[in-house]
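Peer 1:
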Amino acid sequence: MSSRTILLAAGGTGGHLFPAAALAQELGRRGFAVELATDERAEQFGSDFPARAVYRVPSATFTSRSPMAVAKTIGRLGSGFLRARRLLEMVQPLVVIGFGGYPTLPPIMAARSLGIPTMIHEQNAVMGRANRLLSRFADAVALSFQPTKRLRRSAEKRAQLTGNPVRDVVASYRNVAYTPPEPAGRCLLLVFGGSQGAHFFAEVLPKALESMSSPFRWRLTVVQQVRPEDMAEVRAAYKEANIAAHLAPFFRDLPERIANAHLVIARAGASTVAELTAIGRPGLLVPLPHALDNDQLENAIRLQDGGGGWCMRQSDITPERLSEELARLLGDPELLAKAAAKSKAMASIDAVKKLADIAEELAGPEE
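Okay, so the sequence shown: first residue is 1 according to UniProt numbering, each after it adds one.
Set out below in structure tokens:
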């Protein structure tokens, strides 16, 4: 294996994989070979990850306190640790960098046992449980928000604010200027939010929009992520309301669609906030309820406090309230333009450079 290899470890969801991919792209430009350890969920992203090799490492989370479940989880983590040690002995990375999620536990702990430098990156405004555990001994702790809640006091001296990096394809839309809708012109509304978010928005948004006045509905174009099982009902609702709609289960060109939107309605995952601010678009965020540690709620509040968008709790949303809020926002182009500008100002545009600098420092000079 290359003597200039860095191993990234990330849970197999977009929130963990997207910033890892951003760093992989930058490290590649600096001459490093990048490899990835993750779990089977990453397969939904296909072969898009910019790594020389991708490995699956067993891991697990403590979802139950029953003795049998705990024993099973410990066994799977132990298996993952041994697998990760063998992997590291084969790859011989200079640094192992974790991006959160329980699949990062075995590689980072194995790296520590082998004396390999480690770094973790936290994307959310609340430190995740896996990262909080690993922050006990990681050589560097990179943060996306200041302050970050639940950061261990013992990790504060090793913590640095880097921001949450975005992929090259996202950064390429940063210079696309925001143009607010004309008072009687078309309004493009982009709606997405993972499987749970897509189902909630499929239930409430058509009802909210169909109650608006006809002139307002005729101005709308809705681009919405919709689960296959909800597709027929949502399509029929928009057709009945004479609302132009483009519906799909997944958008591979999401950054471009964000850039084209006048307003984005979405969950409040860390990557969503990072991409909204990188491109500079206003967002109406509905945090995932019952999320561990309320990380999405905290993310949404940070965007709202910075003036880049608005936060609505799912428990507070009815079709009537959502309709009123959308009429207020979409009916005020100046308000949208100000929010877009403040959203853009919140972006951590040099996050990937800062992360790569730390990684390069941990890797040491080239021999």
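Cβ coordinates follow ideal geometry from the N, Cα and C atoms, glycine included.
A quick note: this is a predicted structure, and the numbers were derived from the prediction, not measured.
1) In terms of residue numbering, what span does the beta strand (DSSP E) encompassing R56 cover?
2) In three-state DSSP terms, what is E122?
3) DSSP on Q304, reduced to helix/strand/coil?
4) If you draw a straight line from the C-alpha of V169 to the C-alpha of P255, how long is it?
5) Which residues share a DSSP beta bridge with F192?
6) Quick one: complete beta strand (DSSP E) runs, 3+ long, within the stretch 214-301?
7) Buried or exposed for V292, please, with buried defined as at least 16 other CB atoms from any protein chain shown within 10 angstroms of its CB.
8) Apart from the five residues just before and just after P333, which ones in its own chain have a Cβ nearer than 6 Å to its Cβ?
9) DSSP on T13, reduced to helix/strand/coil?
10) Does the distance from the C-beta atom of G269 to that of G11 stay below 8 Å?
11) So, does the stretch 229-237 touch the stretch 289-303, judging by three or more C-beta pairs under 8 Å?
12) Using the three-state DSSP reduction, which class does E35 fall into: helix, strand or coil?
13) Applying the criterion that 16 or more other CB atoms from any shown protein chain within 10 Å of the CB defines a buried residue, is K239 buried or exposed?
14) Of the choices I265, R186, G194, whose alpha-carbon is the least far from that of W218?
15) Can you tell me where the beta strand (DSSP E) with V96 in it begins and where it stops?
16) Hey, how far is the Cα of R328 from the Cα of W310?
17) Classify A236 as buried or exposed, calling it buried when 16 or more other Cβ atoms lie within 10 Å of its own Cβ.
18) Within its chain, find whatever has a CB closer than 8 Å to the CB of A24; leave out the 5 residues flanking it on each side and keep chain order.
19) Based on DSSP bridge pairs, tell me the residues matched to A159.
20) Using the DSSP secondary-structure output, state which residues sit across from T5 in a beta bridge.
21) Where does E275 land, buried or exposed, given buried means 16+ other C-beta within 10 angstroms?
22) Assuming P107 contacts V57 under a Cβ cut-off of 8 Å, what Cβ separation, rounded to an integer in Å, is found between them?
23) Classify E360 as buried or exposed, calling it buried when 16 or more other Cβ atoms lie within 10 Å of its own Cβ.
24) Is the distance from the Cβ of R302 to the Cβ of F145 below 8 Å?
25) When you compare each of S343, S135, I243 to R259 by their alpha carbons, which one comes out closest?
26) Going straight from the alpha carbon of A337 to that of G78, what length do you get?
27) Could you tell me the alpha carbon to alpha carbon distance between L143 and V234, rounded to whole angstroms?
28) Here's a check: name, in chain order, each residue in its chain whose Cβ is nearer than 8 Å to the Cβ of S172, leaving out the five neighbours to either side.
29) Going by DSSP in three states, G309 sits in which element: helix, strand or coil?
30) Distance, Cα to Cα, R4 vs Q123?
31) Out of G28, R86, A198, T13, which one is the CA nearest neighbour of R41?
Peer 2: In short, the structure shows the following:
1) Note, R56: beta strand (DSSP E), 53-56.
2) E122 falls in the strand class under three-state DSSP.
3) helix
4) 7 Å
5) A266
6) Assignment of beta strand (DSSP E) within the stretch 214-301, counting only whole runs of 3 or more residues, yields 220-225, 244-248, 263-266, 283-285 in chain order.
7) Correcting the residue identity first, residue 292 is Leu in this sequence and not Val. Looking at its Cβ environment, which holds fewer than 16 other Cβ atoms inside 10 Å, L292 is exposed.
8) Closer than 6 Å at Cβ, skipping near neighbours: P180, P181.
9) Coil.
10) Cβ distance not < 8 Å, so G269 and G11 don't count as in contact.
11) no
12) strand
13) exposed
14) R186
15) 95-98 is the extent of the beta strand (DSSP E) around V96.
16) 12 Å
17) Classification of A236: exposed, given that the 10 Å Cβ count is below 16.
18) Result list for A24: L8, V34, L36, F49, P50, A51, in chain order.
19) V141
20) Answer is A33.
21) buried
22) 6 Å
23) buried
24) yes
25) At residue 259 the sequence reads Ala, which differs from the Arg that was named. Residue S343 is the option with its Cα nearest to A259.
26) 52 Å
27) 39 Å
28) P255
29) Of the three classes helix, strand and coil, the one that applies to G309 here is strand, per DSSP.
30) 26 Å
31) T13
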